[in-house]
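S.K.: Residue numbers (this note's numbering): 181 to 780. Ideal Cβ positions, reconstructed from N, Cα and C, are used throughout, including at glycine. This is the structure I have questions about; it appears just below.
Right, dumping it as structure tokens:
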């Protein structure tokens, strides 16, 4: 109603002013009256639309609009005006307005991680209130601390807004799993899977629970505990053990009595000649004395048959090393030290001399030392490897992913151009250059003949002191293409501790081929041939212990290019750096006139 009266009043004043103007006549001699003055209407407290309408209706205009927050004036209503209401202004004057945007927003404080009491204090201090409080288990937050809030911190809200809280009620309880009877590994897995940890582990003998299985647990299964609690275990060490008595030197009857008295039994009884132990007495026992064993275990005995008759040493001169070894073992003796020596008359691999000599009477089990022929001593330089032609050879030995490992190449003219390759550090299996390879590029058909001796740097001429993988020939794709058929390799070596009755070799054409390399005790010499006729490859060997040359493989490799890297390689697979490979005869024959059978 007040607004309407203001409008009517303003219109009436305007009408009176116009009537006075008309009554003054229109004579040109009259002076111009002063502009009409208008009282500014009161628009404070009105919404913006109504305020603007009232100003225009009063014959004025709306001026500058300014927004301002207010805790008392509703959003959109006029907080103040300028000029103030009832001010007399000229018609068309502007009236500036300040419009309320409502109460000013407040940033929600961060209360996560605080106690509920502190969080409440912080929220109230910010002009807000605590809303809904929810309890929730949490393995990490202490009981009573806030683990979540809504709205989240820094959210802008109006004063008095509620902030909901999630308060930790601490870790949830967990039922302890039943691990009695499980292995310790299985029990650990089950305990960890339940959110618990293994506590103290105690060892205890038990006649019924197998070794390594759980006898008992604490807490017992189904007990409710907090997450992360420890479960103690008692693990079985099996039945209580007994110390084996010492019966060596006793009679078999007395040994049996002592063994039985200890709660054990006599196992296998073996007879053997012995020059020192009286007939019927114990030479040795297994397990040895003081060994801890379970009750009822067997103790094997070796009983003396008294001294054995002496054995005549067989004559093995002129025989191959393999046949000599067989004859010596058959006589009840063993091969002792094996020495290599050049000899112009005794064939390669055969026995030059023996010690003791044939017909000597010795005790069974005695050793017979052998000197084995390496054939005639080399009198000429290698066809292909000497100081003059060294620049025609290349060395490849880079291990991917590691610092370069170098290989020592020793070319000594006094030993007729012998090539020596000594792997350094611990190089592994050949794979795109992971082993020392000294090679030439050969195109088309070729035949490669190499004589290789594997020995040790510290003891030249003697077999390596440990297993070695191989030394021999290799034909490789020079592009270094990856894949299972990147190369062909002829090996001779000893690995995995296997000692057989003769020398072994291998032709390797794929990564998946089995490696069955072996050498006789003391054997370390061989000759290899690899030849190529078109796509076909032929391989031959004449190794220490062989009666002569034999063809080991014939295979087609059409995938390999016409030009290959062909040369010598020494591969040490877990062998010490002391291993070396000596190639004292190397002959490459790249010629198309090679016989198709490549007969050596």
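May I ask which residues mark the beginning and end of the alpha helix (DSSP H) holding residue 366?
M.R.: It spans 364-373 - the alpha helix (DSSP H) in which residue 366 sits, taken as one unbroken run.
S.K.: Nearest-angstrom Cα distance between residue 607 and residue 640?
M.R.: Reliability fails at residue 607, whose pLDDT of 43 lies under 50, so the model's placement of it is uncertain and no value is given.
S.K.: In terms of alpha-carbon separation, which member of 740, 735, 653 and 732 lies closest to residue 746?
M.R.: Checking every option, the nearest Cα to that of residue 746 belongs to 653.
S.K.: Around the Cβ of residue 631, are there at least 16 other Cβ atoms within 10 angstroms (buried) or fewer (exposed)?
M.R.: That one is buried.
S.K.: When you compare each of 279, 243 and 360 to residue 257 by their alpha carbons, which one comes out closest?
M.R.: It is 279.
S.K.: How long is the line joining the alpha carbons of residue 222 and residue 349, rounded to whole angstroms?
M.R.: Spanning the two alpha carbons is a distance of roughly 59 Å.
S.K.: How many angstroms separate the CA atom of residue 555 from the CA atom of residue 633?
M.R.: If I take the Cα positions, the gap works out to 13 Å.
S.K.: Can you tell which of 309, 540 and 500 has its C-alpha closest to the C-alpha of residue 513?
M.R.: Checking every option, the nearest Cα to that of residue 513 belongs to 540.
S.K.: By the three-class DSSP mapping on this structure, what secondary structure does residue 231 have?
M.R.: Note: residue 231 maps to helix in three-state DSSP.
S.K.: So, at 7 Å on beta carbons, what are the nonlocal neighbours of residue 738 in its own chain, with the 5 sequence-adjacent residues on each side left out?
M.R.: Around residue 738: 715.
S.K.: On the three-state DSSP scale, how would you describe residue 635?
M.R.: If DSSP states are grouped into helix, strand and coil, residue 635 belongs with the strands.
S.K.: Does the count of Cβ pairs from the region 456-472 and the region 421-436 closer than 8 Å reach three?
M.R.: Verdict: yes, contact present.
S.K.: By the three-class DSSP mapping on this structure, what secondary structure does residue 237 have?
M.R.: Residue state, collapsed to three classes: helix.
S.K.: Measuring straight from C-alpha to C-alpha, what distance separates residue 543 and residue 493?
M.R.: Each residue's Cα considered, the two are about 10 Å apart.
S.K.: Check whether the region 332-350 touches the region 291-307, counting contact only when three or more Cβ pairs, one atom from each stretch, lie closer than 8 Å.
M.R.: At 8 Å Cβ cutoff, the stretches touch.
S.K.: Between which two residues does the alpha helix (DSSP H) holding residue 508 run?
M.R.: From DSSP, the alpha helix (DSSP H) with residue 508 extends over 501-510.
S.K.: Considering just the uninterrupted stretch of the alpha helix (DSSP H) at residue 319, what are its terminal residues?
M.R.: Counting along the chain, residue 319 falls outside any alpha helix (DSSP H), and DSSP gives it neither H nor E.
S.K.: Would you identify the three-state DSSP class for residue 410, choosing helix, strand or coil?
M.R.: DSSP places residue 410 in strand when its eight states are reduced to three.
S.K.: Contact defined as beta carbons within less than 8 Å: I believe residue 465 pairs with residue 481. What is the distance between those atoms, to the nearest angstrom?
M.R.: So it is a contact: roughly 6 Å between Cβ atoms.
S.K.: Check residue 246 in the structure and name its three-state DSSP category.
M.R.: Looking at residue 246 - three-state DSSP - the assignment turns out to be strand.
S.K.: Which value, in whole angstroms, describes the spacing of the CA atoms of residue 296 and residue 285?
M.R.: Their backbone Cα atoms lie some 24 Å apart in a straight line.
S.K.: Do you know offhand how far residue 320's Cα is from residue 415's?
M.R.: So the two alpha carbons sit approximately 32 Å from each other.
S.K.: Taking the straight line between their C-alpha atoms, what separation do you get for residue 204 and residue 218?
M.R.: Annotation note: pLDDT 43 at residue 204 (below 50); position unreliable, no value reported.
S.K.: So what's residue 384 in DSSP terms, helix, strand or just coil?
M.R.: In this structure, residue 384 counts as strand in the three-state DSSP scheme.
S.K.: Can you tell me which residues form a DSSP beta bridge with residue 538?
M.R.: Partner(s): none; residue 538 has no beta bridge.
S.K.: Going by the DSSP bridge assignment, what does residue 465 pair with across the sheet?
M.R.: According to DSSP, residue 465 bridges with 481.
S.K.: Using the rule of at least 16 other Cβ atoms within 10 Å of the residue's Cβ for burial, across every protein chain shown, is residue 333 buried or exposed?
M.R.: Looking at its Cβ environment, which holds fewer than 16 other Cβ atoms inside 10 Å, residue 333 is exposed.
S.K.: Would you mind giving the Cβ-Cβ distance between residue 500 and residue 523, rounded to the nearest angstrom? I have them listed as a contact below 8 Å.
M.R.: Contact doesn't hold; Cβ gap of about 14 Å is too wide.
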